[in-house]
Structure formats: structure tokens, C-alpha cells
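FYI, in this note's numbering the residues of the sequence shown are 13 to 547.
Glycine included, each C-beta is placed from N, C-alpha and C at the ideal position.
Before any comments, here is the structure.
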Amino acid sequence: MRRALAAVVAATTLMVSACTSTGIEPDTESNPVVDSTTGTLQGVAVGNTHQFLGVRYAQPPTGDRRWTLPEPMPDTDEVLDATKAGSPCPQTGETAQAVSSTDEDCLFLNVTVPARASAEPRPVLMWWHGGGFTSGAGSQYDAQKLADQGDVIVVSANYRLGMLGYLGLPGLAGSGNFGLADQLAALRWANDNAAAFGGDPDSVTLYGESAGGTSTCAALTSPAAEGLIDRAIFSSGSCRLAWPPGTLFPGLPASSSLIPLSDSESQGVAVATALGCTDPDPMGCLRERPVDALLGQAASFGNPLAYGTGLLPQEPALAVEAGDWLHVPVLSGGNRDEHRSFIGGLLLTDPAAVTADNYQSLIRASFPADAASVGAQYPLADYESAPVAWATLVTDVAWACTTSRGARELAADGTPVYSYEFADRSAPDVSGVSASGMPQGAAHATDLPYLFDLGGENLLTGPGQRELGDAMVAAWAAFAHNGTPGPADGAEWPATTGTETTVMQFDNAATGSGVHLIDHRAEHHCAFWDTVDRG
């Protein structure tokens, strides 16, 4: 099953992730120059933006710096080339579409700034990519559209992944949190350098998707983020995201993206032993192991973010419940058919994983105390296939209803919180899992082409897609500017409260129902799931 998990994570990696160059030829004769805290950066003019690519925000975590907290880059008098993206952090290329890298010198960020002059400092939007904590890179997400149309400065960053980013070991400083420490170091760099790019250091919005979304929510509970975040957006990832037994993938135990430090360190000891590092202090041995050997352990680090640490003193969901978080405006949401990506990827490796014959047994394995009521709530006859039925069930219990609950908890003290759902079932195929026969719908990550040009390519070629993308960019940018995303495409957008989740659904007006408010809890059966033992 671990091999299947790795294959599915790879299958749900963006198809365009191997392409990190922009789709527009750069203007090398009018390269912009900015003085940053780490040196003078010579960027590149691209379209209606200036881009500064491959900017180091921390010293390379190589050699003796492997598994140490990030150290700032010293200032230099040199003019630094910022015209090409830096290397992604080490990750496997399980498919032809996935990024493959073994280069540990990877702590780079990218800055995209509207080229036109502005009378006022612009808000800054810091982007943390997804990828299950084991894959991805900031440079996959070309931010020209978001920066230009939204009149915002977009900063995207790499961070250490997998074992290199989330190894936990007893006595190791930063244990379980190296990737999060990198993300926060990049966020600090963005704050320190906002003014140099014409940005407002007092208007910084942190935005993450999937693993980046969970990291964003977690960062709101970190003492190290104090003063660095003015607003937050998390998409398809929250502090409450959790999968009951057998729902992330059949046969796996209950899981969450956040684990206690003790579990992280027990896992780290087991992995060190598997790599032949059995000394009481295995760090010397582990630092000698080649990157390829460490990447072989990637499946052990799919849900690895540790709490009970200096960066995350409490479990983030409980910290929010207790009021121990930054209390900044939040935009939170996800996709209507999140789990179709995961089931589609699973079917590519095991076509018999979810069938009409085993549908009821999957329900019994995941919800033994409530199998009859769950089966009655999601009868197979109501869906076009067993995989669609199972994906709908898991989307509701693990993704939609946990996101809704998390939003209400954030709003309980009156903090402005806005909720949304992406719902374009004609969205571009960004994962390749439709090859399994699973209709993609508005699956995990399908919202991203509406906000970014993935790999520098505008994928919005279908009816109504560009218009929907424009509406989403306008809403996200309004939130970055003002802390309120509405009205959205003309529709008023009430805030979520501690008792009610008011959700703006972004659907395609040409193929669906357009942008409008929905009863999200009803559509995803959340009142029913409130009564179910979820393990």
C-alpha cells in the first residue's frame, strides 16, 4: 500500500510541473533591478510584470546543514542573477509529468511584480505550494496573471520536502519542522523586502494549497509567525483536515497531516534504522546517506508536520479552539470533488481497488459502527459508478465538512472568515487521473489554473473558464487588498460565523450554475457526518 500511496501522490502531481519556464519570452534588454537584503537582484521583464526568479532566501541546507534550521543569506555587494528559477527541492519523479530533483541546494523563491507604476504600496501575497509535503516547487506556479490582474506582488517559495523537510529525531533541533521553518524563513524574507519591490510590509497575505494550505493554517498558531501574517488563504487544506480509517486510501489507518512530535520522532528512528543508521546519535550516518536513499523513504513522510515543537507548540486545531492563534482575516475553502483525484490515481495502479462488489465492504471497514447509515446516505444507485460514490463520500467526510468546521472555529470570536468552494466540473485536467475512467470534476488542484498559469501556460481554453478565472482572481486579490473578498462576480458574500458557514461557490457560468451562495453543509451531508464515529 505504501507503494500505491507513492504512485497516487505522483499521479496527482500537476501534469505541467516539469515545465517551470514562463510561456512568454523574457525581455532581456530591460531587466529590472531591485536592492534586497541579500543583494542587488537583476530580474526579467515578462509580459506586464517584472519577475525575480531563483532568489536565495536561506543558505543551502547541504552537508552539515542538512537537517538544521534555515540560516539567512548574508548581504553581498554583487549583482545577483534573478532571471531563472532555482532547483526544486529533492523529490522523486514517479511519472513523466512530475518534477525530479536530487539537488539539496534548493531554498529559492520567486517574486512577480506588476510592471506598471503604483501610487500606493501594493499588498504582498506569499504562496506556499502543495504536493503532499513530498513534491512541488514554487516555480511551477507562474503568477503573472494573479499579479497583473490583481495588482498584487506574489512571492512563491521552495521548501524542503519529505525526509529532508520533516525528519523527527529525539534531541534534534527543529525536529519534524524543517519544511515549515523554511516556509516561515521565506515569509520573513518577503516581509523584510516588501518595500524594495513596492510592496506594503503591513499587508502580507499568506496563501497555501493542499499541504501548503495545512501549513498556512498551522502557521497561524506558530509564535514564529507573529507579525508576519496580516491575512491568510488556505485552499484544500486546513487545521481540521483528517481522514478516517481507509478513506485516504483503502487499508490505511486514520491519518492527518499533523502529528505529535513523539510520533514524528518514532517514525524518524524507524527510518534511520531502515537506512542502516542505528547509533544512539544517527545524524552523522544520516548526513552521509545519498539523497536517492532518502527519497526512497518518501512514503513515510506524506503527512508529517509535527506539533509539540517550538514552531508549533500545540496541535493547531486545538490551538484555534483555545483562541491561541493570530486572529487575522481568513479566506478558506476547497473543491467540490476533492477526492476524485486520489481515487482516480489509485485506480491507475489498482483498477479493482473500488468496485460495486467491494463498495459496502469499504464502508464497513471505515465506519464499522455506522456502516448501515453511511450506506443509506450514499447508496450506490445514486451514482454513476462505485469510484464516484466512494470519492463523493470521502470528499464530504474528510475534506468538505472538516473545512466547514474549521472555518466556524476560526470565526467563533468574530474574526472575519470567508468560505468558498470551487466547483467547475469542466476544469482542465491537471492530474492525468481521468485516464483511469474516473470523471475528474472539480477534483483536488483543479482550481489552480484559474489563479496561476501552471508551467507558464494558460490552460483555461474551455467555455467560461477564463471568465471564472477572472472572477476568482478578483476575489482573491480583493481579499489581499482589503481583507474582504466580496462581492464575488456581483454576488454579496457574507462572512462565516461561529454557527453558520456561508459558502460562495465558484462554478462555471457556461457549463454550470455560475458564482453563487450555497448551503455547503447540506450539499456535503455535514449534519449527518456530525453523528458518525469517524475513528
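When the Cα atoms are used, what is the spatial distance from residue i to residue j?
i	j	result
Ser344	Thr290	43 angstroms
Asn6	Gly526	Not covered by the structure: residue 6. The range shown for the chain is 13 to 547.
Val303	Thr124	31 angstroms
Ala70	Trp79	13 angstroms
Pro325	Asp93	39 angstroms
Asp531	Val515	7 angstroms
Gly66	Phe120	5 angstroms
Gly550	Ala377	In the structure as shown, the chain starts at 13 and stops at 547, and residue 550 therefore has no counterpart that could be examined.
Val164	Thr61	11 angstroms
Arg437	Leu298	45 angstroms
Thr114	Leu253	30 angstroms
Gly51	Arg200	16 angstroms
Glu327	Pro272	8 angstroms
Leu137	Ser227	15 angstroms
Gly444	Pro256	26 angstroms
Ser187	Val167	26 angstroms
Arg68	Gln389	51 angstroms
Ile245	Pro391	35 angstroms
Tyr371	Tyr395	12 angstroms
Ile448	Leu360	First, the residue type needs correcting, since residue 448 is Ser and not Ile in the sequence shown. One C-alpha to the other measures close to 5 angstroms.
Ala383	Ile375	6 angstroms
Ile355	Ala403	6 angstroms
Pro292	Asn122	40 angstroms
Phe491	Ala381	42 angstroms
Ala412	Pro461	21 angstroms
Pro262	Thr496	40 angstroms
Ser397	Gly468	35 angstroms
By a C-beta neighbour count over all protein chains shown, 10 Å radius and 16 as the cutoff for buried, is residue i buried or exposed?
i	result
Val45	exposed
Ala207	exposed
Thr74	exposed
Thr543	exposed
Leu270	buried
Ser42	exposed
Glu300	exposed
Val342	buried
Glu350	buried
Arg128	exposed
Thr508	buried
Pro316	buried
Ala534	exposed
Gly162	buried
Asp242	buried
Gly335	exposed
Under a CB-based cut-off of 7 angstroms, is residue i close to chain D?
i	result
Val136	Protein chain content of the structure displayed is limited to a single chain, and chain D is not contained in it.
Report the residue from the options whose alpha carbon sits nearest the alpha carbon of residue i.
i	options	result
Gln452	Val409, Gly220, Ala487, Gly357	Gly357
Gly55	Ala489, Pro126, Pro72, Gly105	Pro126
His537	Ser112, Ala503, Thr407, Gly426	Thr407
Thr511	Tyr462, Thr473, Arg417	Arg417
Gly258	Ala365, Gln477, Val485, Ser397	Ala365
Leu181	Gly142, Gly547, Ser276, Asp465	Ser276
Asp459	Val342, Ala236, Gln195, Leu480	Leu480
Gln195	Ser446, Pro475, Cys118	Cys118
Met85	Asp214, Asp76, Ser48	Ser48
Ala57	Glu90, Asp89, Pro82, Lys96	Lys96
Ala522	Ala155, Asp501, Gly476	Gly476
Thr427	Asp362, Leu232, Gln156, Cys101	Leu232
Ser268	Gln103, Ala329, Ala486	Ala329
Ser151	Val111, Leu307, Leu260	Val111
His339	Phe313, Ala424, Arg352	Ala424
Asp501	Met484, Ala489, Asn494	Met484
Trp139	Asn203, Arg478, Gly220, Asp89	Gly220
Arg134	Ser353, Val281, Ser215	Ser215
On the premise that residue j lies in contact with residue i, defined as a C-beta separation below 8 angstroms, what is that separation, rounded to the nearest angstrom?
i	j	result
Glu238	Glu333	So it is not a contact: roughly 19 angstroms between Cβ atoms.
Gly177	Phe145	7 angstroms
Met295	Leu184	7 angstroms
Trp505	Tyr430	6 angstroms
Phe434	Leu158	Actually they are not in contact, since the Cβ atoms of Phe434 and Leu158 sit about 15 angstroms apart, beyond 8 angstroms.
Gly174	Gly249	Not a contact, Cβ separation roughly 17 angstroms.
Pro312	Gln279	What sits at residue 312 in the sequence shown is Ser, not Pro. 6 angstroms between Cβ atoms; contact.
Ala419	Thr513	5 angstroms
Gly59	Gln156	5 angstroms
Hey, is residue i close to the ligand NAD, as in C-beta under 6 angstroms from one of its heavy atoms?
i	result
Tyr462	The ligand NAD is absent from the structure shown, which contains no ligands of any kind.
### Continuous beta strand (DSSP E) assignments of at least 3 residues falling wholly in the segment 329 to 366
342 to 347
### Query
Enumerated in chain order, which unbroken segments of the beta strand (DSSP E) with a length of 3 residues or greater are wholly contained in the segment 365 to 436?
429 to 434
### Those runs of the beta strand (DSSP E) which lie wholly inside the segment 164 to 234 and span at least 3 residues
165 to 169, 211 to 221
### Query
If you scan the segment 89 to 125 from start to end, which runs of the alpha helix (DSSP H) of 4 or more residues do you find wholly inside it?
none
### Task
Only counting runs of 4 or more residues, tell me where the alpha helix (DSSP H) segments fall wholly within the segment 457 to 525, in order along the chain.
477 to 494
### Task
Just list the alpha helix (DSSP H) runs in the segment 247 to 296, keeping only unbroken ones of 4 residues or longer that don't cross its boundaries, in chain order.
273 to 286
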